[in-house]
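S.K.: Dumping the structure here so I can ask a few things about it.
Numbering (our numbering), first residue to last: 11 to 119.
Given below as structure tokens:
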């Protein structure tokens, strides 16, 4: 039996999707308005999600939206370093590949 997502998690997914769907916009005003409307009174969740998104996806292609998030979403700038850190973190998973993977050592005899 599955459990429903916590409302904050569902909101975070919605906010991240709004950012991703509009990442290449040259007119960020409507995007910021949509984010603020979707978040309602949950400015804390908006700051967390939008700030992390902006830090992670910040590059020359997303610069317009990232700047608008930093200026238009109170508290987002505080979370951008977390997004940047996640972007530069090594990949991880359970597949046995990536920087932490060490091939098995052959045994003698």
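Where is the CB? At the ideal position from N, CA and C, for every residue including glycine.
1. Which residues in the same chain have their Cβ closer than 8 Å to the Cβ of residue 92, if we skip the five residues on either side of it in sequence?
2. Closest to residue 76 by C-alpha separation, out of 23, 12, 27, 34, would be which residue?
3. Expressed to the nearest angstrom, what Euclidean distance is found between the alpha-carbon atoms of residue 20 and residue 12?
4. Report the CB separation of residue 28 from residue 56 in whole angstroms; it is logged as a contact under 8 Å.
5. Just the Cα atoms here: how many angstroms apart are residue 90 and residue 80?
6. Roughly how far, in whole angstroms, is the beta-carbon of residue 84 from the beta-carbon of residue 53, given that I think they are within contact range, below 8 Å?
7. If we call anything under 7 Å between Cβ atoms a contact, is residue 59 one with residue 25?
8. Among the residues of its own chain, which have a CB less than 6 Å from the CB of residue 78, if the five just before and after it don't count?
9. Among 36, 31, 72, 50, which has the Cα closest to the Cα of residue 17?
M.R.: If we stick to the structure as given:
1. In the chain shown, the residue the question calls residue 92 occupies position 82. Excluding positions up to five away in sequence, the list reads 61, 62, 65.
2. Numbered from 1 along the chain shown, position 66 holds the residue referred to as residue 76. It is 34 whose Cα lies nearest to the Cα of residue 76.
3. Translated into the one-based positions of the chain shown, residue 20 becomes position 10. Translated into the one-based positions of the chain shown, residue 12 becomes position 2. Near 15 Å, if we compare the C-alpha coordinates of residue 12 and residue 20.
4. One-based indexing of the chain shown puts residue 28 at position 18. One-based indexing of the chain shown puts residue 56 at position 46. Not quite, the Cβ-Cβ distance comes to about 10 Å (not below 8 Å), so this is no contact.
5. As a working mapping, residue 90 is identified with position 80 in the chain shown. As a working mapping, residue 80 is identified with position 70 in the chain shown. Rounded to whole angstroms, residue 90 to residue 80 spans 8 Å at the Cα level.
6. If you number the chain shown from 1, residue 84 lands on position 74. If you number the chain shown from 1, residue 53 lands on position 43. Right, the Cβ-Cβ distance comes to about 6 Å (below 8 Å), so this counts as a contact.
7. For the purposes of this step, residue 59 is taken as the residue at position 49 of the chain shown. For the purposes of this step, residue 25 is taken as the residue at position 15 of the chain shown. In this structure, residue 25 lies closer than 7 Å to residue 59 by Cβ.
8. Residue mapping note: residue 78 aligns to position 68 of the chain shown, counting from 1. These residues qualify, in order along the chain: 38, 42.
9. Walking along the chain shown from the start, residue 17 turns up at place 7. The shortest C-alpha separation from residue 17 is found at 50.
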